[in-house]
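Notes to accompany the following structure.
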């Protein structure tokens with residue numbers, strides 16, 4: 092069967108719709124949506140190009156059988172999927188992230204291609220606003236924790252100055268608020284290049300205002316901030332108790348809102364909890380749409396780690412992804428940092444990433460949780476299971492690094508959780524000298 096490129100694309104769009112119904116949304120976004128494409132159909136084989144080797148490994152493991160079923164159904168006969176890495180096929184794929192452009196040297200009589208000129212202007216604008224070019228909607232992992240905030244941000248990007256004005260996004264630190272704010276700015280700048288979009292932090296806003304007052308340029312400051320079509324301010328909580336700056340923001344807010352300009356803010360708490368900010372400004376923050384970003388659930392944490400691994404083009408065993416996702420729950424920054432730490436350690440040691448390495452390098456971040464009403468045997472069994480050794484090995488004279496460390500953890504837990512004396516702890520682990528227990532406590 093020979094299909095035109097247009098027909099291949101139509102078929103692939105249908106296949107993607109079917110695949111999206113069979114796998115998690117985060118997995119579809121990370122591995123299928125912009126990282127694979129239908130290249131050709133020949134001799135009852137469908138050739139699928141993927142972005143990199145990591146995507147290839149994931150697709151082979153998780154969706155190859157789905158591809159076989161879906162193509163066979165659509166084409167009316169069995170078709171075998173053949174996946175291959177073709178990075179060049181994705182260089183022109185549409186993305187929210189501005190393309191990297193080679194600087195163009197102007198020569199007499201030369202004309203810039205209109206598309207290149209637009210990209211150059213866009214990149215220059217992004218640099219001027221201090222946006223991170225990686226913080227786009229494409230790279231934002233959507234989960235149940237941030238679905239509403241993401242939907243609100245995309246709605247604002249498509250329809251400025253309407254019902255969602257201002258948009259107030261709040262949640263604990265390192266959950267993706269800054270990413271979402273900057274993604275909104277990227278989208279607006281790309282779709283509506285004629286608009287003036289400005290992203291800043293509350294600290295920068297304050298510093299600019301102080302500098303303007305010091306230099307007698309308050310009018311210039313006001314003219315600048317009240318000229319934007321879209322004003323985005325991050326970390327609003329740091330403006331608390333800065334009375335003069337808050338007064339200036341209040342009037343800037345009113346001026347922009349009055350002429351239907353879009354305002355977007357991010358904060359680590361709801362507007363009503365900003366007790367050191369006057370009520371008149373708090374109520375304005377709350378007058379549009381306020382949405383909360385929660386901590387990511389397990390599936391979203393997995394998707395974030397998979398996307399991070401794909402970005403680095405490094406294969407991470409599923410058991411390592413699951414181990415980190417299960418144990419690092421507090422925030423996205425710590426989650427990604429844990430994976431980065433494991434990757435860096437493996438690289439330095441010139442070893443493949445493994446569960447053993449992950450447990451070793453993250454042992455300071457991931458604690459062994461011990462239930463109440465436990466016995467000595469419970470602790471010995473739990474520690475042995477966690478470190479994948481036997482209880483006999485835990486009590487043995489073996490000095491292998493993983494066994495020795497497991498023994499130290501067991502000593503620490505026996506002392507802290509059960510209150511055993513040094514001599515008793517040494518006895519339970521068949522140590523001749525209680526100084527070994529003292530050493531274990533110091534290490535922990």
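Numbering (the numbering used here), first residue to last: 92 to 535. Note that the Cβ used here is the ideal one computed from N, Cα and C, for glycine as well. Predicted model, so just to flag it, every value in this text is computed and none were measured.
As assigned by DSSP and simplified to three states, the class of residue 265: Coil at residue 265, not helix or strand.
Cutoff 8 Å; reference residue 317; Cβ partners in own chain excluding five residues on either side: 343, 346, 347
CA-to-CA distance, residue 412 to residue 421, given in whole angstroms: 16 Å
Cutoff 8 Å; reference residue 255; Cβ partners in own chain excluding five residues on either side: Excluding sequence neighbours, residue 255 sits near 243, 246, 247, 379, 380.
Sequence-distant residues of the same chain with beta carbon closer than 7 Å to residue 367, five excluded per side: Exclusion of the five residues before and after residue 367 leaves 331, 332 as the residues of its chain whose Cβ lies within less than 7 Å of its Cβ.
Among 249, 307, 146, 305, nearest to residue 282 - alpha-carbon criterion: 249
Sequence-distant residues of the same chain with beta carbon closer than 8 Å to residue 139, five excluded per side: Excluding sequence neighbours, residue 139 sits near 127, 128, 129, 130, 150, 158, 172, 173, 174, 175.
Opening and closing residue of the beta strand (DSSP E) in which residue 357 lies: 353-358
Backbone CA spacing between residue 180 and residue 407 [nearest angstrom]: Cα to Cα, residue 180 sits roughly 24 Å from residue 407.
Whole alpha helix (DSSP H) elements within the region 96-156, 4-residue minimum: Qualifying alpha helix (DSSP H) stretches, in chain order: 96-111, 144-153.
Contacts around residue 521, its chain only, beta-carbon distance under 7 Å, and the 5 residues preceding and following it disregarded: 486
Same chain only: Cβ atoms within 8 Å of residue 360, ignoring 5 sequence neighbours per side: Leaving aside the five residues that flank residue 360 on each side, the residues in its chain whose CB is nearer than 8 Å to its CB run, in chain order, 261, 328.
Sequence-distant residues of the same chain with beta carbon closer than 6 Å to residue 233, five excluded per side: 241
One or two residues paired with residue 292 in a DSSP bridge: 325
Residue 259 vs residue 356 beta-carbon contact at 8 Å: For residue 259 and residue 356, yes; Cβs fall inside 8 Å.
Member of 415, 441, 399, 510 whose CA lies at the smallest distance from the CA of residue 117: Nearest to residue 117 by C-alpha distance, out of 415, 441, 399, 510, is 399.
For residue 175, three-class secondary structure by DSSP: strand
Contact check, residue 470 vs residue 501, beta carbons under 8 Å: yes
Strand pairing of residue 382, partner residues [DSSP]: 260
Per-residue burial, residue 236 [other beta carbons within 10 Å of its own, 16 or more giving buried]: That one is buried.
Burial state of residue 156 (16 or more Cβ within 10 Å): exposed
Neighbourhood of residue 286 by C-beta, 8 Å cutoff - its chain only, sequence neighbours within 5 removed: 251, 279, 280, 320, 321
Sufficient close CB pairs (3 or more, under 8 Å) joining the region 261-271 to the region 296-315: no
Runs of alpha helix (DSSP H) wholly within the region 448-511 (minimum 4 residues, chain order): 467-477, 482-486, 492-509
Alpha carbon of residue 257 to alpha carbon of residue 300, nearest angstrom: 22 Å
Neighbourhood of residue 377 by C-beta, 6 Å cutoff - its chain only, sequence neighbours within 5 removed: 362
Cβ-based burial, residue 323 [other Cβ within 10 Å; buried from 16]: buried
Beta strand (DSSP E) runs contained entirely in the region 380-449, provided each spans 3 or more residues: Qualifying beta strand (DSSP E) stretches, in chain order: 380-383.
Straight-line gap, residue 505 to residue 383 (C-alpha atoms, nearest Å): 41 Å
Pick from 495, 325, 144, 170 that is closest to residue 122, judged by C-alpha positions: 144
Residues near residue 451 by beta carbon distance below 7 Å, same chain, minus five either side: none
Assigned secondary structure, residue 345 (DSSP; H/G/I helix, E/B strand, else coil): helix
Residue 325 versus residue 338 - alpha carbon distance: 17 Å
Classification of residue 165 by the beta-carbon crowding that lies within 10 angstroms, buried from 16 upward: exposed
Burial state of residue 401 (16 or more Cβ within 10 Å): buried
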